[in-house]
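Note sheet for the following structure.
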Amino acid sequence: MHELSIVLSIVDLAEEQVRKNNAQRVENIELDIGSMAGVEWDALDFAWTAGVKNSVLENAQRQVNRITARARCLQCQHEFEITQPFEPCPACHDYLVEYIQGKELRVKSLTVS
Amino acid sequence: MCSTCGCSQPGGVTITRAGESLSGFTPLNEIKLSPLVQHHHPGDAHTSRVIELEQDILSQNNQQASHNRDHFRQQHIVAFNLVSSPGSGKTSLLERTLIDLQSQYKFYVIEGDQQTMNDANRIARTGVEAVQVNTGKGCHLDAAMIHRALHELNPQDDAILFIENVGNLVCPALFDLGEHSRIAIISVTEGDDKPLKYPDMFASSQLCIINKIDLLPYVNFNVERAKEYARRVNPQLEFIDLSATTGQGMDSWYQWLQRQMATREPELVH
Ligand SMILES: Nc1nc2c(ncn2[C@@H]2O[C@H](COP(=O)(O)OP(=O)(O)OP(=O)(O)O)[C@@H](O)[C@H]2O)c(=O)[nH]1
Ligand SMILES: [Mg+2]
Ligand SMILES: [Zn+2]
Ligand SMILES: [Zn+2]
Ligand SMILES: [Zn+2]
Ligand SMILES: [Zn+2]
Chain W
460 MHELSIVLSI VDLAEEQVRK NNAQRVENIE LDIGSMAGVE WDALDFAWTA
510 GVKNSVLENA QRQVNRITAR ARCLQCQHEF EITQPFEPCP ACHDYLVEYI
560 QGKELRVKSL TVS
Chain Y
20 MCSTCGCSQP GGVTITRAGE SLSGFTPLNE IKLSPLVQHH HPGDAHTSRV
70 IELEQDILSQ NNQQASHNRD HFRQQHIVAF NLVSSPGSGK TSLLERTLID
120 LQSQYKFYVI EGDQQTMNDA NRIARTGVEA VQVNTGKGCH LDAAMIHRAL
170 HELNPQDDAI LFIENVGNLV CPALFDLGEH SRIAIISVTE GDDKPLKYPD
220 MFASSQLCII NKIDLLPYVN FNVERAKEYA RRVNPQLEFI DLSATTGQGM
270 DSWYQWLQRQ MATREPELVH
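Protein sequences, first through last, are from chains W and Y.
For reference, each letter of the first sequence is one residue, going 460 to 572 in this note's numbering.
For reference, each letter of the second sequence is one residue, going 20 to 289 in this note's numbering.
In structure tokens:
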């Protein structure tokens with residue numbers, strides 16, 4: 460259940476921003492989460508409810524931008540959408556690929572008031 | 020201090036020296052989710068502001084990990100983070116290693132488990148100093164717990180520190196502890212497709228130990244297939260096959276450790 464750890468880290472980041480901006484709460488929070496970031500959506504929802512209780516995020520609207528993972532083959536340079544970490548290049552079947560996107564796990568923006 | 024971790028909720032994490040009793044627990048961290056101090060600015064009650072933060076969610080753990088790394092560098096300590104499923108043989112491997120190499124190196128061990136002092140006490144029986152981190156509901160160690168445990172251990176310079184992570188192949192991969200290298204252990208009683216099922220763990224490790232090879236005649240585990248799967252996820256991964264019980268293959272592991280000690284970063288050498 461590292462999703463709860465993730466939610467609590469988000470709460471920490473949000474509280475820091477609320478404090479810095481002399482605000483009281485977060486109205487809106489936008490997250491970027493890659494499909495290869497190791498986050499399960501259901502587990503995140505579940506952890507969110509528990510994790511934001513009594514925090515500045517308790518009543519915040521949450522927007523999650525799901526980023527589809529893309530990889531580049533290091534042999535033939537082919538770029539493709541990757542759905543499994545060990546997926547071979549569909550063009551040349553090599554396993555040496557690097558991620559272009561899809562590992563994101565970040566707070567993109569916050570609206571505080 | 021411990022800001023990235025779900026296990027720091029009330030009743031959560033405790034750190035105890037081997038040999039001390041469970042009642043001696045002190046909570047690792049009491050503050051978590053402190054309600055925000057309400058404080059009103061009459062003029063701007065309804066203004067809201069958008070902050071473009073673009074901040075990595077694990078950045079706090081990563082900062083703490085690099086702080087740990089500074090401690091290790093200053094003291095010429097080499098730290099290894101052992102990750103595996105429950106029961107793959109992490110503690111058994113450590114027990115044998117400590118007994119065999121204690122005359123050559125100064126060792127310390129940090130044991131991570133959700134509950135009990137068992138593993139730290141097993142280590143203490145070899146004569147090596149150990150602390151137990153109990154994570155409660157938390158299923159991994161984080162950099163702040165290691166920092167706290169490090170201060171509890173107060174290690175000498177030039178030591179080797181083994182960190183036995185909580186038995187779990189999923190989230191320990193996300194949490195940098197500041198270690199020199201990460202070692203994934205699988206045992207032949209598990210499926211040889213483990214590297215495909217839990218790729219992050221193998222992708223983030225430098226060495227993969229295949230343990231319990233004494234049981235190979237009795238199980239359906241294909242060592243070469245397991246390695247091939249792991250290489251798909253991490254082409255640079257090194258492998259050592261061994262049995263922590265019979266001692267077979269332990270030599271290669273000791274040679275690997277020796278190489279790690281010999282090839283430490285230049286500033287680590289006196
Ligand atoms: N046959 C055999 N059994 C082993 C070997 N290594 C460990 N075991 C056994 O496997 C069981 C678990 O070993 P531990 O060393 O406690 O495993 P662990 O990874 O520390 O377990 P947790 O800390 O609970 O995750 C014990 O019964 C060990 O005796 C081995 O090489 N061969
Ligand atoms: Mg153990
Ligand atoms: Zn290709
Ligand atoms: Zn913690
Ligand atoms: Zn965890
Ligand atoms: Zn420190």
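All C-beta atoms, glycine included, are put in the ideal place defined by N, C-alpha and C.
Check: Quick one: does arginine 68 (chain Y) have its CB under 8 Å from some CB of chain W?
Finding: yes
Check: Can you tell me the Cα-Cα spacing of leucine 463 (chain W) and alanine 506 (chain W), whole angstroms?
Finding: 5 Å
Next item on the list: Let me know the secondary structure DSSP gives glutamine 57 (chain Y) once reduced to three states.
Entry: With a pLDDT of only 46 at glutamine 57 (chain Y), under the threshold of 50, the placement of this residue in the model should not be trusted; the figure read from the coordinates follows. Coil, per DSSP.
Notebook entry, point to check: Is phenylalanine 194 (chain Y) helix, strand or coil when you go by DSSP?
Noted result: coil
Item checked: Neighbour flag for proline 218 (chain Y) against chain W, beta carbons, 8 Å -> yes
Note to self: Quick check on asparagine 487 (chain W): does DSSP put it in helix, strand or coil?
What the structure shows: strand
Item checked: Buried versus exposed, by CB contacts within 10 Å (16 or more), tryptophan 500 (chain W) -> exposed
Next item on the list: May I ask you to list, following chain order, the residues of the stretch 67-87 of chain Y that have a beta carbon less than 9 Å from some beta carbon of chain W?
Entry: Ser67, Arg68, Val69, Ile70, Glu71, Leu72, Glu73, Gln74, Asp75, Ile76, Leu77, Ser78, Gln79, Asn80
Check: Along chain Y, which residues have their Cβ under 8 Å away from the Cβ of threonine 570 (chain W)?
Finding: Ser67, Arg68, Val69, Ile70
Note to self: Quick check: is any heavy atom of ligand 2 less than 7 Å from the C-beta of aspartate 212 (chain Y)?
What the structure shows: no
Notebook entry, point to check: So, is the C-beta of valine 566 (chain W) closer than 8 Å to a C-beta in chain Y?
Noted result: yes
Next item on the list: Could you have a look at tyrosine 554 (chain W) and say whether DSSP puts it in helix, strand or coil?
Entry: coil
Item checked: Residue-chain proximity (valine 189 (chain Y), chain W), Cβ-Cβ < 8 Å -> yes
Notebook entry, point to check: Is it the case that the Cβ atoms of alanine 519 (chain W) and valine 556 (chain W) are separated by a distance below 8 Å?
Noted result: no
Next item on the list: For the stretch 204-237 of chain Y, enumerate the residues whose C-beta is nearer than 8 Å to any C-beta of chain W, in chain order.
Entry: Pro214, Leu215, Pro218, Asp219, Ala222
Check: Per DSSP, phenylalanine 539 (chain W) forms a beta bridge with which residues?
Finding: W:Ala530
Notebook entry, point to check: Is histidine 537 (chain W) close to chain Y, meaning its C-beta is less than 8 Å from at least one C-beta of that chain?
Noted result: no
Next item on the list: Identify the continuous beta strand (DSSP E) that holds glutamine 74 (chain Y) and give its terminal residues.
Entry: 68-75
Next item on the list: Have a look at glutamate 540 (chain W) and leucine 120 (chain Y) and give me their C-alpha separation to the nearest angstrom.
Entry: 48 Å
Checklist line | Neighbour flag for leucine 160 (chain Y) against chain W, beta carbons, 8 Å | finding: no
Next item on the list: Helix, strand or coil for valine 207 (chain Y), going by three-state DSSP, please let me know.
Entry: coil
Check: With serine 494 (chain W) and arginine 525 (chain W) assumed to form a contact (beta carbons below 8 Å), what rounded beta-carbon distance in angstroms separates them?
Finding: 6 Å
Next item on the list: Determine, using beta carbons only, whether proline 105 (chain Y) comes closer than 8 Å to chain W.
Entry: no
Note to self: Bridge partners for threonine 35 (chain Y) per DSSP, in chain order?
What the structure shows: Y:Gln151
Next item on the list: Within the same chain, show all residues whose beta-carbon is closer than 7 Å to that of threonine 474 (chain W), passing over the 5 residues directly before and after it, in chain order.
Entry: At residue 474 (chain W) the sequence reads glutamate, which differs from the threonine that was named. Ser514, Val515, listed in sequence order.
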